[in-house]
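Trainee: Take this structure, written in structure tokens, and hold onto it; I'll ask about it next.
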Amino acid sequence: QKEVEQNSGPLSVPEGAIASLNCTYSDRGSQSFFWYRQYSGKSPELIMFIYSNGDKEDGRFTAQLNKASQYVSLLIRDSQPSDSATYLCAVTTSGTYKYIFGTGTRLKVLA
Amino acid sequence: GAVVSQHPSWVICKSGTSVKIECRSLDFQATTMFWYRQFPKQSLMLMATSNEGSKATYEQGVEKDKFLINHASLTLSTLTVTSAHPEDSSFYICSAPGAGRGYEQYFGPGTRLTVT
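These protein sequences, in sequence, are chains A and B.
Position in the first sequence (from 1) plus 114 gives the number in the numbering used here.
Position in the second sequence (from 1) plus 44 gives the number in the numbering used here.
See below:
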């Protein structure tokens, strides 16, 4: 069974710090990796995606992918209280839009 | 990014009745849409893939006769929960693929269904 695992948290970080969120996946055929942010009672919002090994930066966010170790991470620099949300990792296999979601990590940024 | 809308945003219905939820792609065409269900404090679970002009593909364990999906046009997919029961109360979210090569999906705002 293909699985995507995340620490449920909550992960608490002070305002201005770097938040590091991790995700591991079981299927070596996975090709595209996504990070979504979901506020309570709302639907997921795409933060960024990555499909090549290494780092990808977008503003305060950096996604890191290591296919050999089968993990993907999201770094949030200069964390703000408005970043407090659940962060979902999603993975697809080759040539498909079908996502497998992790259970999400709840992030709390303390003012 | 692509914009996906859902209607209604919330609905309360009595047990045994049916409820229809609409999902629209507003500024793009979507031959495929996805329907998810999310229970409190759980992640999204894919229910089915909606295909324009053909039958939906349901995930294992999802009753296709209970959750009717119709993809009537390139911008509209509907999910009808038939003979709803309290255990069907959940947050239903649709999504559509973006136009990029990264296989990203864009989610609608969701529909909160409460069955009394």
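Cβ atoms here follow ideal geometry from the backbone N, Cα and C, with glycine treated the same way.
None of the values given here were measured: they were computed from a predicted structure.
Check whether the Cβ atoms of residue 123(B) and residue 57(B) sit closer than 9 Å, and answer yes or no.
Mentor: By 1-based counting over the second sequence, the position of residue 123(B) is 79. By 1-based counting over the second sequence, the position of residue 57(B) is 13. Contact: no.
Trainee: Residue 165(A) and residue 201(A): beta carbons closer than 9 Å?
Mentor: Taking the first residue of the first sequence as 1, we reach residue 165(A) at position 51. Taking the first residue of the first sequence as 1, we reach residue 201(A) at position 87. No; because the gap between Cβ atoms is not below 9 Å, this pair is not in contact.
Trainee: I'd like the list of long-range same chain contacts for residue 98(B), defined as Cβ closer than 6 Å, with 5 residues on each side in sequence excluded.
Mentor: For the purposes of this step, residue 98(B) is taken as the residue at position 54 of the second sequence. So the list is empty, once near-sequence residues are dropped.
Trainee: Are residue 70(B) and residue 55(B) close, meaning C-beta to C-beta below 9 Å?
Mentor: Translated into positions along the second sequence, residue 70(B) becomes position 26. Translated into positions along the second sequence, residue 55(B) becomes position 11. No, these two residues do not count as a Cβ contact at 9 Å.
Trainee: Starting from the Cα of residue 102(B), find the closest Cα among 77(B), 117(B), 119(B), 120(B) and give me that residue.
Mentor: Numbered from 1 along the second sequence, position 58 holds the residue referred to as residue 102(B). Residue 77(B) is the option with its Cα nearest to residue 102(B).
Trainee: How far does the beta strand (DSSP E) with residue 121(B) in it extend, from its first residue to its last?
Mentor: Translated into the one-based positions of the second sequence, residue 121(B) becomes position 77. Unbroken beta strand (DSSP E) run through residue 121(B): 120 to 125.
Trainee: Report the rounded CA-to-CA distance for residue 132(A) versus residue 189(A), giving the unit in angstroms.
Mentor: Within the first sequence, the letter at position 18 stands for residue 132(A). Within the first sequence, the letter at position 75 stands for residue 189(A). Spanning the two alpha carbons is a distance of roughly 7 Å.
Trainee: Report the residue from 127(A), 186(A), 218(A) whose alpha carbon sits nearest the alpha carbon of residue 169(A).
Mentor: In the first sequence, residue 169(A) corresponds to position 55, counting from 1. The candidate whose alpha carbon is nearest that of residue 169(A) is 186(A).
Trainee: Are the CB atoms of residue 124(A) and residue 217(A) nearer to each other than 9 Å?
Mentor: One-based indexing of the first sequence puts residue 124(A) at position 10. One-based indexing of the first sequence puts residue 217(A) at position 103. No, the Cβ-Cβ distance between residue 124(A) and residue 217(A) is not below 9 Å.
Trainee: Applying a beta-carbon distance threshold of less than 7 Å, which residues of chain B neighbour residue 139(A)?
Mentor: For the purposes of this step, residue 139(A) is identified with residue 25 of the first sequence, where counting begins at 1. Per Cβ cutoff of 7 Å: no residues; residue 139(A) is ~14 Å from chain B at best.
Trainee: Cβ atoms of residue 205(A) and residue 211(A): under 9 Å apart, would you say?
Mentor: Here residue 211(A) refers to the residue found at position 97 of the first sequence. Here residue 205(A) refers to the residue found at position 91 of the first sequence. Cβ distance not < 9 Å, so residue 211(A) and residue 205(A) don't count as in contact.
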